[in-house]
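I have placed the structure first, in the form of structure tokens, so that the comments after it can refer back to it.
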Amino acid sequence: MTTQQRRDQIQIMEFEGFAALEQLLLIQDEREQSQQIRDMQAFDEERQQEFNRFHNWNQQRLLDYQESRNTLVDEPNDDDQQQLHQIDILERYDIERQQQAERNDDLDQTRLKEYLRNTTPTQSPDTSSND
Numbered sequence: 001m002t003t004q005q006r007r008d009q010i011q012i013m014e015f016e017g018f019a020a021l022e023q024l025l026l027i028q029d030e031r032e033q034s035q036q037i038r039d040m041q042a043f044d045e046e047r048q049q050e051f052n053r054f055h056n057w058n059q060q061r062l063l064d065y066q067e068s069r070n071t072l073v074d075e076p077n078d079d080d081q082q083q084l085h086q087i088d089i090l091e092r093y094d095i096e097r098q099q100q101a102e103r104n105d106d107l108d109q110t111r112l113k114e115y116l117r118n119t120t121p122t123q124s125p126d127t128s129s130n131d
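Numbering follows UniProt numbering, with no gaps: position 32 of the sequence shown is 32.
Structure follows, in structure tokens:
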């Protein structure tokens with residue numbers, strides 16, 4: 001082997017080494033890209049599951065709301081019935097209080113008339129003119 005052939009052989013080995021290094025770097029890049037793709041897919045899947053959970057939760061809330069609204073329409077709520085009962089009691093109390101006040105006014109008027117009739121002095125003609 002001549003010196004030139006030897007140099008060529010060394011250069012070929014160096015090129016093969018560079019090619020092998022490039023090949024290794026390409027393989028490493030492909031592996032990193034594959035890992036990034038898997039990570040992104042896992043992230044997307046997790047986001048989709050979270051969205052589905054949120055959507056299902058909202059749907060359940062909507063169903064619960066509609067069900068409770070239908071219940072309120074079909075049957076009056078106990079609290080509503082109790083409030084109506086309390087309002088009825090208060091209205092009756094107000095009516096009774098008003099009637100009692102009217103009776104007291106009538107009684108006061110009667111007493112006042114009796115008092116005025118009994119306490120009004122009858123004046124004699126002699127005392128009315130004292131000049």
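Heads up, the beta-carbon is just placed ideally off N, CA and C, and yes, glycines get one too.
Here the structure is a predicted model, which is why all the values come from computation and not from measurement.
Per-residue DSSP class, three states only, for residue i
i	result
M13	helix
T119	helix
M40	helix
T3	helix
Any non-hydrogen atom of the ligand HEM within 7 Å of residue i CB
i	result
Q36	Ligands are entirely absent from the displayed structure, and the ligand HEM is therefore not among its contents.
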